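Working notes, beginning with the structure itself.
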């Protein structure tokens, strides 16, 4: 394996790991293997609570990170109705509860159709977007009010695969820059309730599929056993 020439690792990121944790683990393993440091970087962040496909480029392939980051993404996951959290996901405590008795399969399915196509989406305050030179999540953690502008994104498909209120499973195919956390939050508002993203798994990035990915442990062993 020519680590300097470069390539792409398809990693199935587990919950609890940050994207940078994965990069650092693989970079450390390569450095120990060949005795020198090479460039390693990921093509599109996954939140710590999320699982699924993470593209990690190494060597000269890091020059293509922007290209990979710009590809369309596919996700599956579960939305929990009846409550919201500050981060729109399970990484923070529930801050408000809402009624769900009026919800049914028809109302939720109909509401989901409003989010298909070219839409304007406001990112979560707890995101990496910069506001006056500061990360939005840093400001939010300090209690500073953060107002982010709506941004254009494309949701090509928004399929509800299981509706058992208060939980709804889904599959989304979307463009770069789409926040699935915001999609869940906005869907909750649209049905006059509240919602947050309970779980999330990225299944595809462009033509790359989670079906061809390896665990971190498998990738580490592959690097250790590689012929250089």
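Numbering (the working numbering), first residue to last: 184 to 411. The beta-carbon is built from N, C-alpha and C at its ideal position, and this holds for glycine as well. For clarity, every value in this text was computed on a predicted model and none was experimentally measured.
Straight-line CA distance for residue i to residue j?
i	j	result
residue 253	residue 294	28 Å
residue 275	residue 288	27 Å
residue 243	residue 210	14 Å
residue 235	residue 401	15 Å
residue 240	residue 396	13 Å
residue 223	residue 246	10 Å
residue 325	residue 193	35 Å
residue 213	residue 349	45 Å
residue 238	residue 228	9 Å
residue 277	residue 283	15 Å
residue 306	residue 215	39 Å
residue 327	residue 279	19 Å
residue 394	residue 319	33 Å
Does the Cβ of residue i have 16 or more other Cβ atoms within 10 Å, making it buried, or fewer, making it exposed?
i	result
residue 272	buried
residue 392	exposed
residue 285	exposed
residue 341	buried
residue 226	buried
residue 203	exposed
residue 316	exposed
residue 311	exposed
residue 333	exposed
residue 205	buried
residue 381	buried
I think residue i touches residue j, with their Cβ atoms under 8 Å apart; what is that distance to the nearest whole Å?
i	j	result
residue 367	residue 262	4 Å
residue 388	residue 251	7 Å
residue 195	residue 398	6 Å
residue 363	residue 260	7 Å
residue 191	residue 258	So it is not a contact: roughly 20 Å between Cβ atoms.
Beta-carbon within less than 7 Å of residue i's beta-carbon, same chain only, minus the 5 sequence neighbours each way: which residues are those?
i	result
residue 335	301 and 303
residue 199	231
residue 291	343, 346, 351 and 374
residue 357	255, 256, 336, 337, 338 and 339
residue 248	224, 226 and 240
Please return the same chain residues whose Cβ sits closer than 6 Å to the Cβ of residue i, not counting the five positions on each side in sequence.
i	result
residue 323	308, 309 and 329
residue 189	241, 242, 243 and 244
residue 409	184
residue 270	309
residue 360	336
Under 8 Å Cβ to Cβ from residue i, same chain only, skipping five residues before and after it: list those, please.
i	result
residue 371	262, 264, 267, 281, 377, 378 and 379
residue 411	184, 185, 186, 216 and 217
residue 299	338, 339, 340 and 341
So, does the CB of residue i fall closer than 7 Å to a CB anywhere in chain B?
i	result
residue 271	The question asks about chain B, but that chain is absent: this structure has only one protein chain.
Fill in: 3 or more residues per run - each beta strand (DSSP E) lying fully within the region 194-238
List check, beta strand (DSSP E) in window: 223-225.
Discussion item. Which complete alpha helix (DSSP H) runs does the region 244-308 hold, if anything under 4 residues is left out?
Written reply: Entirely contained in the region 244-308, the alpha helix (DSSP H) runs reaching 4 residues are, in chain order, 248-252 and 288-295.
Worksheet item: Counting only runs that start and end within the region 351-408, where is the beta strand (DSSP E) found for 3 or more residues in a row?
Response: Runs found: 378-388.
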